[in-house]
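Heads up, the sequence shown is in our numbering, so the first residue is 38 and it goes up one at a time.
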Amino acid sequence: MARPLIQSKDNPDITKERRAGTFDVREMACFLYGGEDKLQRRAEILSFVKSTPALHDPIPVEFMTREQRIENAARKIVAMTDNLEQIDASDFFGEGMYYQSLIMGRDLHPLSLHFVMFIPTIQGQTDDEQMDEWLSVAVARGIIGTYAQTELGHGTNLKNLETTAVYDPETEEFVINSPTITSAKWWPGALGKSSNYAIVVAQLYTKGVCRGPHPFIVQLRDLETHMPLKGIRVGDIGPKFGFNSSDNGFLLFDNYRIPRQNMLMRYSKVLPDGTFVAPKHSKLGYGAMVFVRSIMIKDQATQLAAAACIAVRYSAIRRQGEIEPGSGEVQILDYQTQQFRIFPQLARAFAFMFAAYEIRDLYMKVTEQLTHGNVDLLPEIHALSSGLKSVVSWEAAQGIEQCRLSCGGHGYSLASAFPEIYAYSVGGCTYEGENIVMLLQVARFLMKAVEEVRGGNARLADICGYLAKPHRAHSSFRSWDMYTDQDIVQDFEHVARKQAFRAFDILKKHQSETSAEEGWNRTSIELCKASRMHVRLYLVRNFLEKVALAPTASLRAPLTDLTRLYASDLIISSQGEFMKSGYMSETQIEGIRSGLYHSLAKLRPNAVLLVDSWDFDDVELHSVLGRRDGNVYPALLEWAQKSQLNKTEVLPTFEKYLGPMMKEGRSKL
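Below you can see the structure in the form of structure tokens.
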């Protein structure tokens, strides 16, 4: 941590909270981020950013126009990447993401997709010759690339993308076209005005046959003038719910030609005569997708933790109302309802972060296996990353909104940072795969596993092993104090297994009455429920396993309180599923509900230290309500003075409209 958490001029209430905690906050931060060396690197990166004026905003971005924000983002990203020697660039998941968050905040910039999609796709899907040609110039920032897959009329349904790339063997070129309005590429970040290259996903045609969607590297603009090339129509799609420092764009092609070598050919190829060579495995391209989703899950965890941090700190210094008449106003964090709103979100943030680390490790493992031609883990990690992307983004967005509501009217101000956190997070529910579609992808993986179990020849992936376990008639829950990690996992396994088999039976029934496709459609709600239960089981189990590795009892105690809160909150919010067929009784559910309330009370003394453990500096948190020192009210007044409206006492609107209206109104009296 960059500086002491307790300082002499801090708000006394927040100082009291920090003194009351039961664990060492630095030790917890080390556990969360992977060691003392990681924490030290964060402090060094923060110190550099704070001491480098070129990386700062001249005024708060909330007071900038969109054009100013776009220019400011471009200026900062150039300065940021000019200083990449300050970080270990190979550690994008750790140092890279932290460095970027301190400088760019919760917005995109001209190189967002260049680093997260364009370069990883080159690394993962080009052959050796193509990598030699494109990777070094991309890494050196000699070009700016984006990733153009989504179209105006199609997003998740890749097989029906309309952009075409028809191979011409006479010239050894692909001719790219956008045959319809709905075939326009739509949404890619930095496509509108910044990028001069793109990975374009288009339907590949050779010898008159459609080979399905494939990626191509395409130059869009002149490298000297930056003007769009002939046959290219490209521009900005306009203001959005969030990410307004980014020029998300549209792109259309009109008989635009690229060399044959511009088709990415690590896995599938087109020979000079037009012969198509298919990949050995249909899912070899999943690697880049899993990488992006691992980043998304960590991002969502971080944003939810930031929201919880703001809500907890503000609730510690905000006094409102009395619990005991005449005792004076209390910190709103003392209200059980406030704890119930905020603490489960903090528990989710920890669970999601530990899951992000696990997915990162699995991605590295599968990447290594792919270099040796081993694709065994691909279906498992693709299904898991799809499910986590869906569940984590949805629950993070919901949790951030709960944190905003817990801060009352002040949470509605841009000064709180909640609007930008929510806009940042909620976009993840639809980009990189719409959430319901992601759950249905998980369901296909699950239904195949259930079919194997029913057929008696199950060769299940590790994450599906619970499907083959014996049926349990009743939960072993007796009392909250005796509810072990094993008991919790067994209860979640039961519900996930029950719903998976239920969905399978309903699916088979519908498919016996109609087509396989219509049967799937009629079962889709039950399939999504099965996928959510599967993912929540994974999150609960992984959370418990990671907390068990905490190095000291003083850390394990509050972390265990978080795991208990996380599990009990999920059970109570889905109690109908746990009570089906008498698996849990009403008495058992009430015991778990009491345990949830008990967990809230146990977490109350450690709430501020738990959010402090995320090591958010005020620069990164970017919130007046959540500032480290707790001096919220003077800071709110200071922030308001920066409004452009306060540069003059009387606005032109008075002379033009409001003044004459009032004058006329008075004259009629």
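Note that the Cβ used here is the ideal one computed from N, Cα and C, for glycine as well.
Here the structure is a predicted model, which is why all the values come from computation and not from measurement.
Mind reading off the beta-carbon distance from MET300 to HIS251? Whole number of angstroms is fine, and I expect it under 8 angstroms. 6 angstroms
Just to confirm my understanding: we take LEU198, look at its own chain, exclude 5 residues before and 5 after, and list those with CB closer than 8 angstroms. What are they? GLN186, GLU188, HIS191, SER220, VAL238, ALA239, GLN240 and PRO250
Determine the direct distance from the alpha carbon of THR690 to that of GLU81, and round the result to whole angstroms. 49 angstroms
Would you check if the distance between the CB atom of SER231 and the CB atom of ASP291 is smaller than 9 angstroms? no
Here's the rule: buried if 16 or more other CB atoms are within 10 angstroms of the residue's CB, otherwise exposed. What is GLN375? buried
Is it true that the segment 515-528 meets the segment 625-638, where meeting means three or more beta-carbon pairs spaced less than 8 angstroms apart? yes
Under 9 angstroms between C-beta atoms of GLY72 and TYR394: no
Please state if the CB of PRO147 and the CB of TYR184 are separated by a distance shorter than 9 angstroms. no
Using only CA atoms, which one of HIS151, ILE180, VAL661 and ARG63 lies nearest to TYR449? VAL661
Need the endpoints of the alpha helix (DSSP H) that CYS67 sits in, please. 62-70
Excluding sequence positions up to five away, which residues of its chain have a Cβ less than 8 angstroms from the Cβ of THR118? LEU148 and ARG178
Is the segment 640-656 touching the segment 559-575, taking contact as three or more C-beta pairs under 8 angstroms? no
Taking C-alpha atoms, which residue in LEU673, GLY502 and GLU471 lies nearest to LYS485? GLY502
If we call anything under 9 angstroms between Cβ atoms a contact, is LEU504 one with ARG539? no
Where PRO206 and LEU266 are concerned, what is the direct C-alpha to C-alpha distance, given to the nearest angstrom? 23 angstroms
Can you tell me whether ALA590 is buried or exposed, with buried defined as 16 or more other CB within 10 angstroms of its CB? exposed
Taking 8 angstroms as the line, does the beta carbon of THR163 fall inside it for any heavy atom of the ligand FMN? Summarising the ligand content, the structure contains no ligands, and the ligand FMN is consequently not present.
By how many angstroms is the C-alpha of SER173 removed from the C-alpha of VAL656? 33 angstroms
Could you tell me if VAL584 is buried or exposed, where buried requires 16 or more neighbouring beta carbons within 10 angstroms of its beta carbon? buried
Ordered list of alpha helix (DSSP H) runs contained in the segment 364-448, each at least 4 residues: 373-407 and 415-443
Please name the residue, chosen from HIS318, ALA594, GLN612 and GLY182, that lies closest to GLY410 on a Cα-to-Cα basis. HIS318
Cutting at 6 angstroms between CB atoms, please list the residues of its own chain near LEU513, excluding the five before and the five after it. The sequence shown places Ser at residue 513, rather than the Leu named in the question. Counting only Cβ-Cβ distances below 6 angstroms, and skipping sequence neighbours, we find ASP524.
Grouping DSSP H, G and I as helix and E and B as strand, with all else coil, what is THR183? strand
For LEU83 and TYR136, the rounded distance between their alpha carbons: 8 angstroms
In the DSSP assignment, find the unbroken beta strand (DSSP E) run with HIS721 in it and report its ends. Residue 721 cannot be examined here, being either before or after the span of the chain that is shown, 38 to 706.
Out of ARG350, MET141 and VAL255, point me to the one whose CA is closest to SER453's CA. ARG350
Quick one: Cα of ILE332 to Cα of GLY363, how far? 50 angstroms
With which residues is PHE155 paired in a DSSP beta bridge? PHE155 pairs with nothing; no bridge assigned.
For GLU188, three-class secondary structure by DSSP: strand
Report the rounded CA-to-CA distance for GLU108 versus LEU121, giving the unit in angstroms. 20 angstroms
Evaluate contact between the segment 452-467 and the segment 335-348, counting only Cβ atoms and requiring at least three cross-stretch pairs below 8 angstroms. yes
Measuring straight from C-alpha to C-alpha, what distance separates ILE562 and HIS547? 13 angstroms
Nearest-angstrom beta carbon gap, PHE60 and PRO595 [assumed within contact, 8 angstroms]: 6 angstroms
Three-pair Cβ contact test at 8 angstroms for the segment 423-442 versus the segment 296-314: no
State the beta-bridge partners of LYS222 as determined by DSSP. GLU188 and LEU288
Limits of the unbroken alpha helix (DSSP H) element including LEU674: 669-677
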